[in-house]
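Residue numbers (full-length UniProt numbering): 1 to 124.
#1: With C-beta atoms as the reference, is residue 4 less than 8 angstroms away from residue 78?
#2: Counting only the same chain and skipping the five closest in sequence on each side, list residues whose C-beta sits under 6 angstroms from that of residue 75.
#3: Quick check on DSSP: helix, strand or coil for residue 17?
#4: Any chance you could list the alpha helix (DSSP H) runs of at least 4 consecutive residues sitting entirely within the region 17-96, in chain order?
#5: Can you tell me whether residue 108 is helix, strand or coil according to DSSP?
#6: Taking the alpha carbon of residue 49 as the reference point, which residue from 24, 19, 33 has its own alpha carbon closest?
#7: Report yes if the CB atom of residue 39 is closer than 8 angstroms to the CB atom of residue 33, and no otherwise.
#8: For residue 9, which residues of its own chain have a beta-carbon under 6 angstroms away from its beta-carbon, when the five flanking residues on both sides are left out?
#9: Cβ of residue 100 within 8 angstroms of Cβ of residue 15?
#10: Please work out which residues of its chain come closer than 7 angstroms, Cβ to Cβ, to residue 64, disregarding the five sequence neighbours upstream and downstream, and give them in chain order.
#11: Please say whether residue 43 and residue 7 have beta carbons closer to each other than 8 angstroms?
See the structure below:
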């Protein structure tokens, strides 16, 4: 996962679940807690997310993550670029599938070496 995709995934998850802990974010995204910490700090430092302490939480180290207006805008831009990359990837895959299909069809029309008639020496 590249940095843009990581930022997009974090922004999407935090937008839908602002109460998640970094450990929970890591679990949801299939990342290590260390990489998750890096990603969350990155979106906070860029001004896309604001971290606020839970006032009602007994664990004062818990945060509530809120997307800022800049974060909402960036999430939309990242999603658009991600969509463009996925469309291009889809097009490449469709071309590869078509090429493979043509190769398989050509192979099906060509008699295999085992199916070819054999000639014995001395026979005409």
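Beta carbons are placed, not taken as given, at the ideal position from N, Cα and C, and that holds for glycine. All figures in this text were calculated on a predicted structure; none of them were measured in a lab.
So, from the listed chains and residues:
#1: Contact: yes.
#2: Beyond the five residues adjoining it in sequence on each side, residue 75 comes within less than 6 angstroms, by CB distance, of 11 in the same chain, given in chain order.
#3: Looking at residue 17 - three-state DSSP - the assignment turns out to be coil, as it is neither helix nor strand.
#4: List check, alpha helix (DSSP H) in window: 22-29, 33-45.
#5: Residue state, collapsed to three classes: helix.
#6: Nearest C-alpha to residue 49: 19.
#7: The beta carbons of residue 39 and residue 33 sit no closer together than 8 angstroms.
#8: Cβ neighbours of residue 9 within its own chain (closer than 6 angstroms, five residues either side excluded): 29.
#9: Cβ distance not < 8 angstroms, so residue 100 and residue 15 don't count as in contact.
#10: Around residue 64: 18, 19, 52, 54.
#11: Yes, the Cβ-Cβ distance between residue 7 and residue 43 is below 8 angstroms.
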